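Numbering-wise, the UniProt record's numbering puts 67 at position 67 of the sequence shown, and it's gapless, one number per residue.
Single-structure report; data block below.
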Amino acid sequence: MAAYNPLKNTSNGEQDPVRFLEKTFEEIDIQNDVVFGETVNSKGEQQKLLLDVYTPDNDPMIDRPVIVWIHGGGFRYGNDKSQSYIVELATRFAKKGYVCISIDYRVREKPMDDISGTISDAVEDAAKALAWVRENEKSLGIDASKMVVGGGSAGGILGSSLCLNDQPDKKDSEGVIGFINLWGTPSAKWMALDIDKNDPPTIMVHGTDDQLVAYSSAVDLAERLKANNIKHELVTIEGAGHTPVDHMDEFEINISKFLYAILN
Numbered sequence: 001m002a003a004y005n006p007l008k009n010t011s012n013g014e015q016d017p018v019r020f021l022e023k024t025f026e027e028i029d030i031q032n033d034v035v036f037g038e039t040v041n042s043k044g045e046q047q048k049l050l051l052d053v054y055t056p057d058n059d060p061m062i063d064r065p066v067i068v069w070i071h072g073g074g075f076r077y078g079n080d081k082s083q084s085y086i087v088e089l090a091t092r093f094a095k096k097g098y099v100c101i102s103i104d105y106r107v108r109e110k111p112m113d114d115i116s117g118t119i120s121d122a123v124e125d126a127a128k129a130l131a132w133v134r135e136n137e138k139s140l141g142i143d144a145s146k147m148v149v150g151g152g153s154a155g156g157i158l159g160s161s162l163c164l165n166d167q168p169d170k171k172d173s174e175g176v177i178g179f180i181n182l183w184g185t186p187s188a189k190w191m192a193l194d195i196d197k198n199d200p201p202t203i204m205v206h207g208t209d210d211q212l213v214a215y216s217s218a219v220d221l222a223e224r225l226k227a228n229n230i231k232h233e234l235v236t237i238e239g240a241g242h243t244p245v246d247h248m249d250e251f252e253i254n255i256s257k258f259l260y261a262i263l264n
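If you want it as structure tokens, here you go:
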């Protein structure tokens, strides 16, 4: 990949924004409802799996890093790739120069009736989305070896499974260089994570007063990442509950700096 934009002076003496660190593009293109697969849902019905692609407008770069965003919502019907904070994050990071992709996965009316099957289906779909991204590297104008996975709440649980669990051949996480976990670090009750030195750098954002996904789970994961010498950061939002999107301006900066350091 070409070197990332260094600081350079404009004609009026001001510095240009740094690509991937700051907003570099005013406009983006969004391609909605791209089919990346087909499956059978919990009702036994055929279901198309869809994703949205956010691309910087009029961008000549053809080997851009890509962020795959996974929505939250407790694995329940009514939640999808158009979740408001996922759309906002995909938009913001596309304006920084990334290609961003927001994906759907199978959800259920009563996910807790079979939480193991629910998560298994969702992980399978998310892995299929990552495979689609790798297969469509050229048409997307990306470098598939520079892939970041980002997920919120339930999406963070799915991302944890893809990025932080041992896989026989690491195929699902091939090309993943970073993981953004937004208030979705699973407890042992939900998922046992097998952390090892080959797992990607991970940044977590979590509120200390989260009553749905315990902040202590993020603290525990940070300690395990440290023990395995994995680059990581825990962005702690004091007094915040679950899904603290009113702090997005703050944690967006943390995420941008974390990813920029990885890319450079």
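Don't be surprised by glycine CBs; every beta carbon is placed ideally from N, CA and C.
As the structure is a prediction and not an experimental result, all values here were calculated from the model.
Between the segment 105 to 124 and the segment 139 to 151, the count of C-beta pairs closer than 8 Å stays below three; the two stretches do not touch. Within the same chain, 93, 98, 100, 148, 150 come within 6 Å of residue 67 by CB-CB distance, once the 5 residues on both sides are set aside. For residue 226, the enclosing alpha helix (DSSP H) stretches over residues 215 to 227. When only Cα atoms are considered, residue 19 and residue 89 end up about 16 Å apart. The straight-line gap separating the alpha-carbon atoms of residue 182 and residue 91 is approximately 17 Å. Ranked by how close their Cα comes to the Cα of residue 113, the residues 38, 74, 173, 145 have 74 in first place. For residue 142, the enclosing beta strand (DSSP E) stretches over residues 142 to 152. Bounds of the alpha helix (DSSP H) holding residue 254 are 248 to 263. With 16 or more other Cβ atoms from the protein chains shown falling within 10 Å of its own Cβ, residue 95 counts as buried. Around the beta-carbon of residue 60, fewer than 16 other beta-carbon atoms lie within 10 Å, marking it exposed. Contact fails between the segment 215 to 232 and the segment 38 to 46, because fewer than three Cβ pairs, one in each stretch, are under 8 Å apart. The DSSP-derived three-state label of residue 91 is helix. Straight-line measurement puts the Cα of residue 163 at about 22 Å from the Cα of residue 83.
In the structure shown, the three-state DSSP call for residue 115 is helix. When Cβ pairs closer than 8 Å are counted between the two stretches, the segment 212 to 221 is seen to touch the segment 232 to 251, the count reaching three or more. Straight across, the Cα-Cα distance linking residue 48 with residue 131 is about 16 Å.
Residue 241: not part of any beta strand (DSSP E); DSSP gives it neither H nor E. Residue 70 is bridged by DSSP to 103, 151. Per DSSP, the continuous beta strand (DSSP E) segment holding residue 204 begins and ends at 202 to 207.
Exposure of residue 261 is indicated by the presence of fewer than 16 other C-beta atoms within 10 angstroms of its C-beta. Per DSSP, residue 236 is one residue of the beta strand (DSSP E) stretching across 232 to 237. Counting along the chain, the unbroken beta strand (DSSP E) around residue 46 starts and ends at 46 to 56.
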